[in-house]
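Here the structure is laid out as structure tokens; the discussion comes afterwards.
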Amino acid sequence: MKFRARSLALTFVLAIGAVACGGDSTVDDSDKIVDDTEQERSEEVAAESDDDDSAPAEDEAEDDIASISNDNEQANWTVLVYVMGDNDLEPFAVGDIFEMAEAGSNEHLNIVTLIDRHPGYADDEMGPLGNFEGTQLIHVGEEEILQSVDLGELNTGSADEL
1341 MKFRARSLAL
1351 TFVLAIGAVA
1361 CGGDSTVDDS
1371 DKIVDDTEQE
1381 RSEEVAAESD
1391 DDDSAPAEDE
1401 AEDDIASISN
1411 DNEQANWTVL
1421 VYVMGDNDLE
1431 PFAVGDIFEM
1441 AEAGSNEHLN
1451 IVTLIDRHPG
1461 YADDEMGPLG
1471 NFEGTQLIHV
1481 GEEEILQSVD
1491 LGELNTGSAD
1501 EL
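Residue numbers (our numbering): 1341 to 1502.
Set out below in structure tokens:
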């Protein structure tokens, strides 16, 4: 009798655990919202880049790579944070940059972030950069921005940009 009760209890716990951990294979997409204007804009940008015959060859494009000078060659680590923030997650992306600045780069660590912003989502200013639009490559210091490079508007949702 004790063995049967324990087996039944164990089966019940495993069944509850499977459901709680995503054991149900059905997916509910009803809460997903698609902004048609953003999707159309992305498609237009992709079509324009496909039609552009004056695009540089692969070899030439490598010459235009943005860089930030490394004054700290002794650092053991460089962390690059790629932030696609030109969407409704922008306030959180800006907050993440502020959190990185709390630690900042030091003699052992360089923190570099590429962040893309959009004018329609957040008004937060980022130090001397203000409330910028477009994409910036930023070397994050302790409570400050050490360097930044304005890259204009990039489609950071595209793997080609990475």
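Note that beta-carbon positions come from the ideal geometry of N, C-alpha and C, so glycine has one too.
All values reported here derive from a predicted model rather than from experimental measurement.
Asked: Those residues which DSSP pairs with Ser1488 across a bridge; Found: Ile1478
Asked: Asp1428 to Asp1456 span [Cα, whole Å]; Found: 12 Å
Asked: Residues of its chain near Thr1418, where Cβ-Cβ distance is below 7 Å and the 5 sequence neighbours each way are ignored; Found: Asn1450, Val1452
Asked: Sub-7 Å separation of Glu1413 and Gly1444 beta-carbons; Found: no
Asked: Counterpart residues of Met1440 in DSSP-defined beta bridges; Found: DSSP, once it has assigned bridges, lists no residue as partnering Met1440.
Asked: N- and C-terminal bounds of the beta strand (DSSP E) containing Tyr1461; Found: It is not in any beta strand (DSSP E) - Tyr1461 carries neither H nor E in the DSSP assignment.
Asked: Identity of the residue in Asp1463, Glu1447, Gly1474 nearest Gly1435 by Cα; Found: Asp1463
Asked: 6 Å CB neighbourhood of Val1492 in its chain, flanking five on each side removed; Found: Note on residue identity: the sequence assigns Gly, not Val, to residue 1492. Only Gly1474 meet the Cβ criterion.
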